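J.: Per numbering that gives the first Met the number 0, the sequence shown runs over residues 0 to 1079. Where a beta carbon is used, it is the ideal one built from N, C-alpha and C, also for glycine. Quick caveat: nothing in here was measured; it's all calculated off a predicted structure.
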Amino acid sequence: MADQVTYLDVPDKSENDKKLYKSLVLANGLHALIVSDPSPVPDDGISSTESSEEGEKLSESSSSSSDSSSETNSVTSESDSQASSETGDEKLAACALMVDYGSFAEPRNYQGLAHFLEHMIFMGSEKYPEENIFDAHVKKCGGFSNANTDCEDTLFYFEVAEKHLDSSLDYFTALLKHPLMKQEAMQRERISVDSEFQQIAQDDETRRDQLLASLATENYPHGTFTWGNLKTLKDNVDDDALYKVLHEIRREHYSANRMYVCLQARLPLDELEAMVVRHFAEIVRNDSKAPDLTKFDYRQAFRPEFHEQVFFVKPVENECKVELTWVLPSVRQYYRSKPDQFLSYLLGTEGKGSLCAYLRRRLWALQLIAGIDENGFDLNTMYSLFNVCIYLTDEGFKHIDEVLAATFAYVKLFSNCGSLRQLYEEQQAIEETNFRFQAQRPAFDNVQDLVFNSKYFPSKDVLTGKELYYSYDEQQLNELIGHLNEFKFNLMITSQDKYEGIAYDKQEAWFGTEYTTVPMPAKWKQLWTDSKPMEQLFLPEPNRFVAHDFKLFWSAKGKPDLPAHPKKLLKTDTCELWFRQDDKFELPEAYMAFYFISPLQRQSAKNDAMCALYEELVKFNVCEELYPATSAGLSYSFSAGEKGLLLKASGYNEKLHLIVEAIAQGMVNVADTLDEGTLSAFIKNQRKAYFNNLIKPRALNRDIRLCVLEHIRWLTIDKFKALNDITLEDMREFARKFPQELYVQALIQGNYTEESAHNVLNAVLSRLNCQKIKERQYVEDRTVQLPLGSHSIRCHALNSSDTNTVITNYYQIGPNSVRVESILDLLMMFVDEPLFDHLRTKEQLGYHVGATVRVNYGSAGYTIMVNSQETKTTASYVEERIEAFRLKMLQILKKLPMEDYVSSRESLIKLKLVADMALSTEMGRNWEEIINGDYLFDRNRKQVEVLRTLNKEDIISFLIDTDANNLRKLSVQVIGHRPVGMNEPLLTVADDNDAVKAAGAELSDEEMPEDDDDDDDDQLFEALANKMNIVFLPKEGDSSTITDISEFKSGLEVYPTLEAHQQGAEISRTVRIEDALSNT
């Protein structure tokens, strides 16, 4: 084997990284990085305990009882020091392959071809000719595969159960060696590419990138449309010519010497190396080279108007932001000193003396982001785009001159403050600590990062290249500071409001983005020239949150046996505290989670909206104090749930409690610090947040579905409207009342002690001083029982330019149990690939299709969802095809060979037994059990016990019984819009409501404001927003169509009360591995 490979330097790694690495180049030029995880491999955990198909099955009653452990029973089991671990010792193997070919290298007359080629590669090989056969094999093996195309690279990646790695590599490499890419598959797959484009066509960040691309200097490679659609791949395109060039490009660029692969599994390095040689050594090498992008001068990458004009852009979402974008040399060459990342930290910091803090105090901005995005358009071999993005309030937009003046002053601060070495070395030490105590990542994520690093860093630096500040380089830092001190940046102002009466009179060619340009105003040039230091703006102070004590408490006590599950330390009328000291990951980190459950939130839509405001106001009050913590290896989130507020904090345990205490104090301070100006700014910001959520069809679809299913839930549109009624006194009263009556659920895990956990909770409770909840009905989590039969609820999308239609068919089963959920998990595993093959590949109904298990407050069901476009298919037709597929599920199962049934069941069992890779995964699973009120910490083990007893007939009987006796279906349809004058889609069925015109934001002619460029646009938005309404569309003579949610729910049975359930409504489990892993 040695004569077939050349070995490279072994990568440097952290002292706590137990994995083994080998870097090599095959004889055909392919670069490989092999990662061996030294965790023990089980002999065969499945076969040793697997029951036969005729084996004894667990009864439904025993399964159900095991799913509902009482509080006493769960505590008793947790106290057993020999309790078995929730997860097993299974791990998933993963592979990522990067091809040194991307959109920048595609022919100009076939824009989007690189993306199209990525799709076509999966359409069968000479060895395995069936379309999507690789994807089907991976899913059968409990895995997941995907691919994406960037500007300079194309990435393919997958993960599977380890025993199937070798066979999966055989299927995968067959696609790279001899892909079929048949012409008939090409006809269908470009529709899929177009659907993918349509789904992102309303994304403002993508639209911004394309607008900047339109400013590229002629013949520079970044000036193209990289997504591809039917216009570039079908209209006026000769199919034979496209077919020919597709194969030519593949043969030329998919050469072994331009491929990088990373493979990770728990196999020895030599065995993995043999696997790499066996599967990848025969990939053809033609010694082609990627285009040399270094020949393009970054200073000439964009035409002069890039920085000479100001770009005013109308967004899809209601957001207001100002962006300054500098063109820098490619910073990949500076990876050892990372001056760009250091400057990102300095410009993006939100602590005392920062630009963000200055703007926030004046309520001119609420968020600031600075740095270079890692996408291929912003960071490539030609140039880097350094961006400062300031999200403005309405007041900030009115004071944009002052915002720019402060920004200019802060940017110039770095060239006038002397040496930055001390600040740099503080960040350097933080990053060294982070790398030293880096948590393990799932192989699936790890191989994607490492294969990228293999291309862009020397072998020795593959693990450290992105992570460490190797050394301070003042010359490189000053070079980038010098660039930022040139008045040569793109200024883009994005707003629904029009600045000083300008008109959006231009339109970007591909996404239709409305914008205009004006010469850089003389007053802004003068602001830059006259910019002087401001006493309110200064460099960050020494960070008090930097950790220094890394003592491990479990190790210090001699590593005693500990319970495998959280232990309840405290239970009162106002709180419960769960705790587990870490004995697996041995890192100086901890995770803390708190759910502040209040009866206030669910009482009205207005209260729900005030809870969202309260959350934002608390974060606003503490952000300046706590931002340094986020720069020192700590993190936190504070968000509104369905019946209260959720706080999560994580990081080095030494000072983690300071975050929790600061937020608890912030909760009680809001009422005393709130003023009219602050409330007004946050109400406007919350209106924008609700608006931006409402105009997304998938978000609206989910909102409607959950509102129908949950006993008490308010539509987002109702909360949006309720914001108009909130007064300063209302908000102060809510902020005073919220901490007074609470039930607090808490979980603390990691490098902590029981005493310290008690101390943290006591510190929180002493600040809140809360009493027990009196009105229990508002904190009980309940779902309605859908009526037998089929019901639908339909409305139009609120964005009249969005063609996307989202259809979700929900099938409610009833009360959940370990057995029911296990059956549904297995069922979804069997139907996922046929669903993809039928509805996407063959019928081309939409790019995104999926089947998902849903558990809503203890009620089980599943959904089948399709995201299509109204320009191609009607909603009624898509719903009909979904239902047609569901009716085929029984036949799919009956025809399934027993060998495939057993194999898929084993793969699902292995998924359930996948070991936690990091404390965050274990913590998340345990926290879900607590806030759901189930406390079934060994859920996965119990599911495995059930799965081992389930035979094929059990699943078939379940389907037959559900269809015959318990079909409870809800079809939620958010219907996209066709352009005015467009003909009916080709795929359609009769629809009694085709003539009904009911736009999402419905206005009468008298109420519609005139479209006058001179009108005040803020008033225009308010007029539109105030009249916005969701109109549920009827079907004449069809009583199963829901037009009033409250009326529909009023006559329904409600499932029994559950004590405490998740903040929103649902646990989502899909057969896709990335989702399955997040719940194991």
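1) Express the C-alpha separation of E349 and C622 in angstroms, rounding to a whole number.
2) V387 bridges to which residues according to DSSP?
3) Mind checking which residues open and close the alpha helix (DSSP H) that includes I132?
4) Determine the DSSP secondary structure at N15, reduced to helix, strand or coil.
5) Are the CB atoms of T782 and H710 within a distance shorter than 9 angstroms?
6) Since N808 and E878 should fall inside the 8 angstroms C-beta cutoff, what is the C-beta to C-beta distance between them, to a whole number of angstroms?
7) Of all the alpha helix (DSSP H) runs that stay within the bounds of the stretch 410 to 445, which reach a length of 4 or more residues?
8) Ordered along the chain, which non-local residues of its own chain (more than five positions away) have a Cβ less than 7 angstroms from that of Q426?
9) Quick one: residues in its chain with C-beta nearer than 8 angstroms to the C-beta of P942, no 5 flanking neighbours on either side, listed in chain order?
10) With a threshold of 16 other CB atoms inside 10 Å of the CB of Q890, please say whether the residue is buried or exposed.
11) Just how far apart, CA to CA, sit Q776 and G975?
12) Might you give, ordered along the chain, the residues of its own chain that have their beta carbon closer than 7 angstroms to the beta carbon of Y613, omitting 5 neighbours on each side?
13) Using 9 angstroms as the threshold, is the C-beta distance between E322 and D203 below it?
14) Quick one: grab the DSSP three-state call for Q308.
15) Count the C-beta pairs between the stretch 649 to 661 and the stretch 543 to 554 that are closer than 8 angstroms, then say yes if the count reaches three, no if not.
16) Excluding sequence positions up to five away, which residues of its chain have a Cβ less than 6 angstroms from the Cβ of E944?
17) Out of P786, H790, R249 and G749, point me to the one whose CA is closest to D581's CA.
18) Go through its chain and collect everything with a Cβ distance to Q263's Cβ below 7 angstroms, but skip five positions before and after it.
19) Quick one: using the 10 Å Cβ neighbour count with 16 as the cut-off for buried, is R298 buried or exposed?
20) Specify, as a first and last residue, the run of the beta strand (DSSP E) that S791 falls within.
21) Return helix, strand or coil for A82, following the three-state DSSP convention.
22) Kindly give me the distance between the Cβ atoms of S167 and H118, rounded to whole angstroms, as I take these residues to be in contact under 8 angstroms.
23) If you draw a straight line from the alpha carbon of I389 to that of V137, how long is it in whole angstroms?
24) Closest to L646 by C-alpha separation, out of Y590, N606 and P565, would be which residue?
25) For Q843, which residues in the same chain have their Cβ closer than 7 angstroms to its Cβ, ignoring the five residues on either side in sequence?
26) Got a sec? Which residues, its chain only, sit under 8 angstroms from N815 by beta carbon, not counting five neighbours each side?
27) Measuring only the C-alpha atoms, how far is E928 from R686?
28) Quick check on S213: does DSSP put it in helix, strand or coil?
29) Go through its chain and collect everything with a Cβ distance to V865's Cβ below 7 angstroms, but skip five positions before and after it.
30) Only counting the same chain, and skipping five residues up and downstream in sequence, which positions put a Cβ closer than 8 angstroms to that of A661?
31) Please confirm whether S38 and A917 have their CB atoms less than 9 angstroms apart.
32) Do the stretch 952 to 968 and the stretch 781 to 799 make contact, defined as three or more Cβ pairs closer than 8 angstroms?
33) Closest to K176 by C-alpha separation, out of A160, F121 and I199, would be which residue?
34) Determine, using beta carbons only, whether I371 and L362 come nearer to each other than 9 angstroms.
35) Give the DSSP-derived three-state secondary structure of N668 in the structure shown.
36) I'd like to check one pair, D724 with K871: are the Cβ atoms closer than 9 angstroms?
T.: Working from what's here:
1) 7 angstroms
2) L323 and A369
3) Here the alpha helix (DSSP H) through I132 covers I132 to K139.
4) coil
5) yes
6) 7 angstroms
7) 420 to 435
8) F341, Y344 and Y468
9) Per the sequence shown, the amino acid found at residue 942 is Gln instead of Pro. Answer for Q942: V817, E820, S821, D824 and K911, listed in chain order.
10) exposed
11) 38 angstroms
12) V669, F733, A734 and F737
13) no
14) strand
15) yes
16) none
17) G749
18) V34, D36, A92, A93, A442, N445 and V446
19) exposed
20) G788 to H795
21) Only weak support is given to the placement of A82: the predicted model assigns it a pLDDT of 34, under 50, and the value that follows is read from those uncertain coordinates. Three-state result, A82: coil.
22) The distance from the Cβ of S167 to that of H118 is about 20 angstroms, inconsistent with a contact at the 8 angstroms cut-off.
23) The straight-line gap from Cα to Cα measures roughly 43 angstroms.
24) Looking at the Cα atoms, Y590 is the closest of the given residues.
25) Shown here for Q843: same chain residues with a beta carbon closer than 7 angstroms to its own, the five before and five after excluded, namely R187, I190 and S191 in chain order.
26) D66, V854, G857, S858 and A859
27) 33 angstroms
28) coil
29) I806, L838, L844, G845, V848, V877 and I881
30) Hits under 8 angstroms: V621, E624 and L625.
31) No; because the gap between Cβ atoms is not below 9 angstroms, this pair is not in contact.
32) Here the stretch 952 to 968 makes contact with the stretch 781 to 799; the two share three or more CB pairs at distances below 8 angstroms.
33) Distances from the alpha-carbon of K176 to those of A160, F121 and I199 put F121 closest.
34) Against a cut-off of 9 angstroms, the Cβ pair of L362 and I371 comes out as no contact.
35) helix
36) no
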